[in-house]
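Sequence lines, in order, name chains A and B. Count the first sequence with the UniProt record's numbering and you get residues 1 to 158, in order. Count the second sequence with the UniProt record's numbering and you get residues 1 to 373, in order. Even glycine gets a Cβ: it sits at the ideal position worked out from N, Cα and C. The structure appears below as structure tokens.
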Amino acid sequence: MTNEALQSLINSWNPDPITNGLEFTEEKSQFLNITVQPERLHQLMVQLKSNSETNFDYLFCLSGVDWEKEMGVVYHLESTSHRHIIVVKVKTEDRENPTFDTVSDIWPTAEFHEREVFDFFGIKFNNHPNLKRLFLTEEWDGFPLRKDYVDEINMIIK
Amino acid sequence: MDATTIINNLKSEEYFINMGPQHPATHGVLRLLLTIDGEIIKKVEPDLGYIHRSIEKICEHDSYQQIVHLTDRMDYLSAHINNEAVCLTVENALQLEVPDRVKVIRTIIAELTRIASHTLWWGVMGMDVGALTTYFYGFRDRELINDIFEETCGARLTMNYNVPGGLMFDIHPNFVKRVKEFIAHFKTKLPEYDTLLTGNIIFQKRMKGIGVLTKEDAIAFGASGPVGRGSGYSCDVRKHHIYSAYDKVTFNEVLKTEGDTFARYQVRIQEMWESMSIIEQLIDNIPEGSYKATTDAVIKLPAGEYYQKVETARGELGVFIISTGTKNPYRLKFRSPGFSNLSLLNHIAVGGKIGDLVATMATLDLVIPDIDR
């Protein structure tokens with residue numbers, strides 16, 4: 001399915017721009033980009049996977065991003081039957097306690113990826129089965145991939 | 001007391017055991033926390049981070065030329081293909097058309113890398129299950145490829161032969177001759193692998209029916225590479241998202257449907273034949289021309305988001321770059337094949353024995369620096 005067809009199909013699930021909480025962006029990317037409101041994330045993801053026309057059954061990349069103004073997660077999804085790709089983004093301005101719903105119940109691979117995001121960005125995931133640090137030790141202070149992270153001993157920035 | 005009373009009074013409970021971080025079967029510093037009931041595995045919990053270098057954070061302060069050099073410290077057995085992934089992302093973002101000569105040379109070396117990686121895997125795979133001879137056979141053949149790399153790229157392992165826009169220098173005059181010699185040699189040696197190990201009945205009994213991964217689970221757990229294809233899941237990036245010179249060659253995507261360790265083993269053996277066929281189709285037809293397209297000394301990507309996937313020897317490597325238009329990426333994420341493949345280990349190991357876990361891990365072909373980026 002082309003990006004345009006995907007966009008109109010997803011829009012048709014809930015055409016009301018105020019309640020559907022979706023925003024389509026360009027980003028110079030070859031894929032279709034959607035930004036979704038955090039409270040609508042899980043519902044959209046379930047729909048993207050279960051709908052037979054979209055059938056996004058393969059979550060191939062899950063990245064945490066610190067946009068400085070906002071914290072967020074970027075999900076790259078592919079359908080192994082239709083071979084189309086979509087990028088879903090979710091953002092929050094809450095840097096103290098950023099929290100989103102987990103998608104590990106939809107794609108089990110997300111369990112590891114979300115733990116990595118929690119470890120490096122401090123983003124929490126509701127209903128995650130085992131949310132604890134993956135790479136760093138439990139007593140590590142701070143979240144290294146955040147833009148405002150400082151470590152005067154281990155980081156040398158010219 | 002008679003025997004029955006003793007057995008009835010015995011207390012049994014689950015217990016924890018550490019596998020690694022210095023265990024030979026983990027091929028690096030990976031610690032697995034096993035929950036065991038007798039010899040049956042109840043849970044496998046990987047503990048990562050022993051060699052994490054935070055390459056993604058370092059990249060945020062590096063130029064795109066420098067980033068290429070960091071990537072072969074991830075999956076060092078697919079060093080060339082990792083380099084290619086970053087170069088392709090940068091070239092696509094700049095909309096830079098690289099010469100055909102570059103594409104063909106990159107593809108030939110990528111396939112040689114795949115053969116080198118698979119021969120090493122085959123060697124240590126045999127060693128893991130107790131067949132030490134395979135180790136020497138595998139390293140003997142891999143050595144010949146490393147010699148070719150040394151002559152052309154200047155390094156045997158961390159090659160850094162790719163730069164954004166093309167290659168660092170042209171191929172060595174001996175390259176074509178030596179690659180042909182290697183292919184002729186390896187065609188006589190690969191059947192030996194089958195005689196020595198594949199057909200061995202003890203080995204087959206050890207491998208068949210354990211670590212079974214279904215196709216649905218392979219997709220859900222984000223498996224890729226030979227791990228996915230051993231479960232009948234068509235996931236070859238070279239077929240589905242064609243890059244470099246893979247549109248110029250014909251090859252088969254090797255698929256097996258059993259999903260057990262033996263299926264993954266067979267996929268890799270068969271892939272070496274396919275790689276040799278790809279190299280043979282290209283080696284006599286390397287186009288003339290420049291080995292590098294001109295790029296600015298300081299590369300600045302236009303603001304935006306870029307994603308590129310390639311097929312390394314282990315599966316799908318993704319490079320996700322968010323650029324704000326400066327000479328450094330704002331955020332760079334490596335989606336490494338080993339990380340997703342490790343996430344399914346618990347799923348396929350539970351219910352098996354510790355000995356089976358060793359065989360299962362060997363066919364996942366994990367490279368730890370690829371997981372600990």
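Does DSSP put residue i in a helix, in a strand, or in coil?
i, result
"L366/B", "coil"
"R331/B", "strand"
"V179/B", "helix"
"V358/B", "helix"
"S275/B", "helix"
"V249/B", "coil"
"H52/B", "coil"
"K292/B", "strand"
"P287/B", "coil"
"Y243/B", "coil"
"K69/A", "coil"
"N33/A", "strand"
"S12/B", "coil"
"S231/B", "coil"
"R268/B", "helix"
"G166/B", "strand"
"S224/B", "coil"
"G64/A", "strand"
"S63/B", "coil"
"L255/B", "coil"
"G154/B", "coil"
"P302/B", "coil"
"D141/A", "coil"
Round the Cβ separation of residue i and residue j to the nearest angstrom and send it over; I've been treating them as touching at under 8 Å.
i, j, result
"V350/B", "K43/B", "7 Å"
"residue 375/B", "V227/B", "Limits of chain B in this structure are 1 at one end and 373 at the other, which puts residue 375/B out of reach."
"G352/B", "G211/B", "7 Å"
"H84/A", "L6/A", "6 Å"
"K91/A", "T35/A", "7 Å"
"W107/A", "L59/A", "4 Å"
"H172/B", "T152/B", "4 Å"
"V176/B", "I279/B", "Their Cβ separation, rounded to whole angstroms, is 11 Å, which puts V176/B and I279/B out of contact at 8 Å."
Return yes when the Cβ of residue j is within less than 9 Å of the Cβ of residue i, no when it is not.
i, j, result
"A313/B", "D128/B", "no"
"residue 390/B", "L342/B", "Outside the displayed span of chain B (1 to 373) sits residue 390/B, for which this structure offers no information."
"L145/A", "K215/B", "no"
"L41/A", "F56/A", "no"
"L77/B", "A116/B", "yes"
"Y307/B", "V319/B", "yes"
"L32/B", "A293/B", "no"
"R142/B", "T119/B", "yes"
"F16/B", "I36/B", "yes"
"residue 390/B", "G232/B", "Outside the shown range of chain B, which is 1 to 373, sits residue 390/B, and nothing can be said about it."
"D94/A", "N127/A", "no"
"F135/A", "G126/B", "no"
"T71/B", "I55/B", "yes"
Can you check DSSP and say which residues form a bridge with residue i?
i, result
"H84/A", "Partner(s): none; H84/A has no beta bridge."
"F125/A", "F100/A"
"N174/B", "For N174/B, which the question treats as bridged, DSSP gives no partner whatsoever."
"I40/B", "D37/B and K353/B"
"E78/A", "Y58/A and I85/A"
"V319/B", "Q308/B and F334/B"
"F24/A", "I34/A"
"I148/B", "None, per the DSSP bridge assignment."
"V90/A", "V36/A and V73/A"
"R31/B", "D47/B"
"N200/B", "Answer is none; N200/B lacks a bridge partner."
"M19/B", "L32/B"
Find the residues of chain B that neighbour residue i, judging by a C-beta separation of less than 7 Å, and give them in chain order.
i, result
"R83/A", "H240"
"L145/A", "E56 and K57"
"P108/A", "A220 and F221"
Find the residues of chain A that neighbour residue i, judging by a C-beta separation of less than 8 Å, and give them in chain order.
i, result
"D236/B", "Within 8 Å Cβ-Cβ: nothing; D236/B doesn't reach chain A, min ~12 Å."
"P302/B", "K28"
"F320/B", "C61, S63, V74 and H76"
"Y193/B", "Under the 8 Å cutoff, chain A gives no residues; its nearest Cβ is about 31 Å from Y193/B."
"Y64/B", "Result: empty, since nearest Cβ-Cβ is about 16 Å, beyond 8 Å."
Counting only Cβ pairs nearer than 8 Å, list the residues of chain B close to residue i.
i, result
"D57/A", "I219 and A220"
"E111/A", "S343"
"T80/A", "I219, Y233, S234 and C235"
So residue i contacts chain A; which residues on that side make the cut at Cβ distance below 7 Å?
i, result
"L48/B", "L134 and F135"
"R53/B", "None at all; the shortest Cβ gap to chain A is about 10 Å."
"D372/B", "F135"
"S340/B", "T109"
"R335/B", "F60 and C61"
Using a Cβ-Cβ distance cut-off of 9 Å, determine whether residue i contacts chain E.
i, result
"W13/A", "Looking at the structure shown, chain E is missing, and the protein chains on hand are A and B."
Say yes only if the C-beta of residue i is nearer than 8 Å to one or more non-hydrogen atoms of the ligand PLP, and no if none qualify.
i, result
"M272/B", "You won't find the ligand PLP in this model; it holds no ligand whatsoever."
Name the chain B residues whose beta carbon is nearer than 9 Å to that of residue i?
i, result
"F31/A", "E305 and Y307"
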